[in-house]
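Protein chains in written order, with the numbering used here: chain A, 1 to 280; chain B, 1 to 280; chain C, 1 to 280; chain D, 1 to 280.
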């Protein structure tokens, strides 16, 4: 016989655009929301009894209804509101998880002046948050996904283990490109979400640019340490950094040198480095 | 000051095709391999000291070199070999994870006869495995990803919670479509991987087709229970099933009825149901 | 001053699922429809005058409404109906184009018996059609997209031009993998669309499997010639075949040979071969 | 019997990164190159005779070799060089087409100062060019792909045709979002490619922001007209603009109004508007 030992259900990819009209000056926030509930939903699995089930369609409606009255100045505050709502509405729900991923829109400049109601988008970078709330506790993580950075020098990789399958040559000067995913844990439920996000993002980019990198691992560590130093409101940060290799092309067969100028960007295979950094 | 509290590194998306030539009759296996190592790699993060680092480029080479001598009759056995190799090679590695995703190729039939060396592919379905090995232990999970199934009737959804945001109408007859991800845990390191995979896949499809579904949750549960009943070598199974909605089109504005015939398939938003089923 | 010299507008990616219920035995067709109209719509572009514009939202509704009464036994016949409708409805429309791409669903077998109402999908292969209708004429093209085929031998590439940038080695035995796009032109508006599709697909696969390929170009040509020979109702066929390279891995640095066994599949760069074959 | 009536072959997705080092100040250009040749290659198709075939692998090598000596200050000038090379190398080639798509990298600012060698990317927007060269002629087109713009007001759609399938309500205030593809034809082979690109892009964005749009078609037309007015070196421009709908959510069932604040962004279906604008 079979026993249900874990379960969760919800709605994913609820997309939302909210326009806030301060007179002629408009603000726009666009996002995708994922909702998941845990709790006593077992009879639905084992008996097809839906009496304990808030339909995922209703979850979708709830996102739009609550967005109407919410200022939506940050995805964190909206995720807090949503997570609270579902715990309140569904008595037998023990924990709600809200994931929000924000699509960036930048105000267009026309003749050097920021436009009132026109925006340009197109970046893959996302501001993200995850709020997990139980009856006693709330955990707030925020971060960045797909932040694509590259440096053309001040990155090397030497002194590593060699075995019978080693063909890689050591280098003291290579291109370093990566798509950063960062997720930091807040130690408070009442932070200045937008300012913190901007501070952490800025310091991570500056550290990436400024460091002489001896390994992707080392860069990951100093970026994480930099984020912790820049923001008291966070307790730890997890970084995931694929090594998006630019391979030096061998031009010798054509009688040419290649003084670190011509590279092939490749998507696969790629190195994948992860690390979590916390305060000492 | 900052402290590294978790780390892992490796190579992802190492793609491999192996052709086995039994005379004129060829076999093909194609896959993508992800490798991750955990262990004492801290000085690389904190000091840029690579003395403990086996380069991810070498991991890639290792996949090809070991594939040469390995029969590769199943992705599980190859993942076992890889996970063992890295623990043996890297003395300070405490745990290695190998994920393999197999790309399916079917033998072409010509005039009703299976062809010796020609194959047709194109399915998004993947056979997957994950082997996590420490110095004392090995954990083997296998599964299916992106198994897309649909039934045109014998699925309903009634009797759920109603609140102020409910607009969904109950239905006793809807289309049920989902892209199944299943991951089961083996209780042995020496199973007939291919036969088990085929048995579990077949029973899950048969259960999906045969059940009168009262909820996606219920179908998930009986598919999991079916898998456990069909294969003694597994101890538990986790299923993830998005509800890929087909929405009934309202044709009334055009003076038409719609007796469950015309639907819009939508990708987002979608329900997302997860559950883990184990033996009692 | 500026002049509009070409224009077209319409609705893309109108997704539709139609279930036909012959008693307990259900049929399913799923597709995505693109509509484009050409004609006298200039004042909309130059003056923002929409008096000549049938909204693209109405085009979407039309797809669902017409699908209700249409048997939808083939995408060709449905595209014919749609193309006719828009010419009739919009008096100043000179030409309508309908593109349909069908998502394949296979009936599930349970215990060797085809199931009445359960289906399995997941293939990227698509059956496609394009109907372009003017006031005097109709052009019907049909085809296949993303038909992924591979052979492990009987493919070579020798005797090509060598210049100062050549590094490729000739080979008489390589893997040949390609994702075929075929588009054939019908010489009639009243063919057995389904039978023709099946015949052409089958002969192209058989030719691919059976031929000793000296070049992708040559295989393309014999597949096209085979299609023309198999189906009197078509006048020409255009094939597009990327060469999805499987590169032989050099195992010599590891002291190993590689007798055409271990390959890396790569997506980019890829060869891209196109050709149109007609009757003499 | 079958006859080859059109053919073309080449290499696609040749990815290239070039770093130019002006002392400490580095420049980076990253791109993907597609090459296609037309000419007398028929015996390869009909007889598998490769004597006339420059391998696509050699085309790839050529991109890297020529990039070494080329300043690569614009994709247009590099495409010109490549197109010339292949016509010169392959005597029986009648026409070569080079398509280049450039991946954007922005210099990182640290403390308000542009960094010497660190860059941020991640935008889907692409600068593109196509150079088609025959023995007598060269055609140069350039453009932008995936330029994502949105305005929250000053867009309406009224006064359109109504028929039995119309359900759309007229609106004088909607969100207008689109992903612009623009391709303009140069009337010279010797323009300031970078300045022209920047001018045309800037004017199109300004027109989009500034116009009171009565239809996507009208906006397309004025953006095209604006480009022609801004740049004497181009003779015509083709714009493709999907209407990436933001649908107003009906909040009435929840007892709420929705004063143009809460929208659902949708990817499909979408309107698709095309137009070519030339000088009078």
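C-beta atoms are modelled at their ideal positions from N, C-alpha and C, and glycine is treated no differently.
DSSP places residue 92(A) in no alpha helix (DSSP H); its state is neither H nor E. Ranking 55(C), 256(C), 149(C) by CA distance to the CA of residue 163(D) puts 55(C) first. Taken atom to atom, the span from the alpha-carbon of residue 69(B) to that of residue 254(C) is near 12 angstroms. Runs of beta strand (DSSP E) with 3 or more residues, each lying fully within the stretch 124 to 209 of chain B, are found at 126 to 134, 138 to 151, 176 to 186, listed in chain order.
Across the stretch 250 to 263 of chain C, CB contacts with chain A closer than 7 angstroms involve 253, 254, in sequence order along the chain. Below the 8 angstroms Cβ cutoff, chain D contributes no neighbours of residue 134(C), its closest Cβ being approximately 18 angstroms away. The DSSP assignment places 234 to 243, 246 to 248, 262 to 265 as complete runs of the beta strand (DSSP E) inside the stretch 221 to 276 of chain A, in order along the chain (cut-off: 3 residues). With fewer than 16 neighbouring CB atoms inside 10 Å of its own CB, residue 252(B) falls in the exposed class.
Within chain C, no C-beta atom comes nearer than 9 angstroms to that of residue 47(B); the closest sits roughly 30 angstroms away.
At a cut-off of 9 angstroms, the C-beta of residue 212(A) has no neighbouring C-beta in chain D.
Ranked by how close their Cα comes to the Cα of residue 105(C), the residues 230(C), 29(C), 21(C) have 29(C) in first place. As a beta-bridge residue in DSSP terms, residue 15(C) pairs with 32(C). Counting along the chain, residue 24(A) sits inside no beta strand (DSSP E), nor does DSSP assign it H or E at all. Only exposed fits residue 111(A), as fewer than 16 other CB atoms lie within 10 angstroms of its CB. For residue 218(A), the chain B residues whose Cβ falls inside 8 angstroms of its Cβ are 44, 45, 46, 47, 48, in order along the chain. DSSP, read as helix, strand or coil, puts residue 211(A) in coil. Relative to residue 2(B), the option among 4(A), 223(A), 273(A) whose CA is nearest is 223(A). Not a single C-beta of chain D is nearer than 9 angstroms to the C-beta of residue 171(B).
Under the 9 angstroms criterion on CB atoms, residue 165(C) is classed as interfacial with respect to chain A.
The three-state secondary structure of residue 49(B), taken from DSSP, is coil. Taking the Cα of residue 265(A) as reference, the smallest distance to any Cα among 50(C), 204(C), 269(C) is reached at 269(C). If you check the CB distance, residue 86(B) and residue 128(B) do not come in under 9 angstroms. For residue 116(D), the enclosing beta strand (DSSP E) stretches over residues 113 to 120. Between residue 64(B) and residue 37(B), the C-beta gap is not smaller than 9 angstroms, which leaves the two residues out of contact. Sixteen is the threshold: since fewer than 16 other Cβ atoms of the shown chains lie within 10 Å of the Cβ of residue 190(D), the residue is exposed. By the CB criterion at 9 angstroms, residue 166(A) and residue 58(B) fall inside the cutoff.
In the DSSP assignment, residue 109(D) falls within the beta strand (DSSP E) that extends over 106 to 110. Going by beta carbons, residue 11(B) and residue 262(C) fall outside the 9 angstroms limit. The beta carbon of residue 6(A) sits closer than 9 angstroms to some beta carbon of chain B. Ranked by how close their Cα comes to the Cα of residue 136(C), the residues 173(C), 160(C), 95(C), 147(C) have 95(C) in first place.
At a cut-off of 9 angstroms between C-beta atoms, residue 1(D) counts as an interface residue with respect to chain C. Annotation: residue 99(C) to residue 126(C) spans about 12 angstroms, alpha carbon to alpha carbon.
In its chain, beyond the 5 residues on either side, 32, 126, 128 have a beta carbon closer than 6 angstroms to the beta carbon of residue 101(A). Interface annotation, residue 228(B): in contact with chain A, CB-CB separation under 9 angstroms. Residues of the stretch 81 to 113 of chain B with a C-beta atom less than 8 angstroms from some C-beta of chain A are 89, 90, listed in chain order.
Within the same chain, 258, 262, 263, 264 come within 7 angstroms of residue 249(B) by CB-CB distance, once the 5 residues on both sides are set aside.
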